[in-house]
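Chemist:
Numbering (the working numbering), first residue to last: 63 to 319.
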């Protein structure tokens with residue numbers, strides 16, 4: 063998997079993880095520069111000569127890359143929902159072509175969430191008190207999660223009795239170890255009480271030798287899928303970790319997979 067390194071991270075470059083995730087593959091216009099690449103879409107390998115232009119040798123990223131303009135469902139990269147990633151693949155210099163294809167596909171899925179920060183922040187609801195619904199965080203990012211809920215990017219369809227919002231913020235608390243670079247949260251807001259339930263559904267971290275990620279996908283049925291991934295110099299890991307639903311009475315049901 064490819065670690066996206068942003069210009070503002072230059073100050074922290076000395077502490078950046080030593081993994082193979084360069085951002086140079088991603089262009090601002092939503093294309094990837096490459097000499098030879100195959101993309102797996104719905105289990106079908108698309109040869110590079112079907113997607114690349116002869117002059118620029120670029121391909122347009124899978125539609126699952128692009129976040130919606132409005133807060134409609136489904137929400138999240140459909141690559142995650144429609145692709146069966148292996149639990150582990152090789153990212154070393156000796157990686158096979160198949161492993162490289164998987165890695166590039168994962169990068170497309172991740173970049174969906176990366177570009178959400180380009181959305182303008184909208185007004186958040188009048189929250190009077192907050193309840194954090196904790197999943198099994200590999201680290202304690204409560205400060206980053208707290209900071210990020212002010213940056214609401216979307217209002218999604220209602221979940222049970224709740225108004226639902228998605229907030230995301232990049233460049234959080236550099237003093238946290240490992241460095242939590244991004245956090246995204248679902249805010250389930252009860253307009254009658256002003257009470258909000260917050261679920262962290264997205265993060266990316268930078269450690270000394272590897273990076274860790276939480277990604278999500280919300281289907282039209284309002285079931286929230288949570289994915290966990292980790293990658294470094296030699297190998298990457300991926301698993302579907304939780305299913306979350308909100309009942310009509312407001313109960314949040316979490317199933318660990």
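All C-beta atoms in this analysis are idealised placements derived from N, C-alpha and C, irrespective of residue type, glycine included.
#1: Among the candidates 153, 134 and 136, whose CA atom is the shortest distance from the CA of residue 300?
#2: Who are residue 147's beta bridge partners in DSSP?
#3: Would you call the stretch 213-224 in contact with the stretch 191-198, where contact means no fewer than 3 C-beta pairs closer than 8 Å?
#4: Can you tell which of 232, 176, 269 and 219 has the C-alpha that lies nearest to the C-alpha of residue 285?
#5: Taking the alpha-carbon positions, what's the residue 254 to residue 164 distance?
#6: In its own chain, which residues sit with a C-beta less than 8 Å from the C-beta of residue 224, not counting the 5 before and 5 after it?
#7: Tell me the residue span of the beta strand (DSSP E) that contains residue 218.
#8: Run through DSSP, which three-state label would residue 176 get?
#9: According to DSSP, simplified to helix, strand and coil, what is residue 160?
#10: In three-state DSSP terms, what is residue 142?
#11: What whole-angstrom Cβ distance do residue 221 and residue 244 have, given they're in contact under 8 Å?
#12: When you compare each of 177, 150, 166 and 302 to residue 289 by their alpha carbons, which one comes out closest?
#13: Which same chain residues end up closer than 6 Å to residue 147 when comparing Cβ atoms and leaving out the 5 residues on each side of it in sequence?
#14: Spatial neighbours of residue 143 within its chain, please: CB distance less than 6 Å, with the 5 preceding and 5 following residues excluded, ordered by chain position.
#15: Does DSSP put residue 169 in a helix, a strand or coil?
#16: Just the C-alpha distance for residue 169 and residue 188, rounded to the nearest angstrom, thanks.
Modeler: This is what the structure holds:
#1: 153
#2: Residue 147 pairs with nothing; no bridge assigned.
#3: no
#4: 219
#5: 46 Å
#6: 250, 251, 252, 259, 308 and 312
#7: 214-221
#8: helix
#9: helix
#10: helix
#11: Not really, about 23 Å apart at Cβ, beyond 8 Å.
#12: 302
#13: 300
#14: 279
#15: helix
#16: 36 Å
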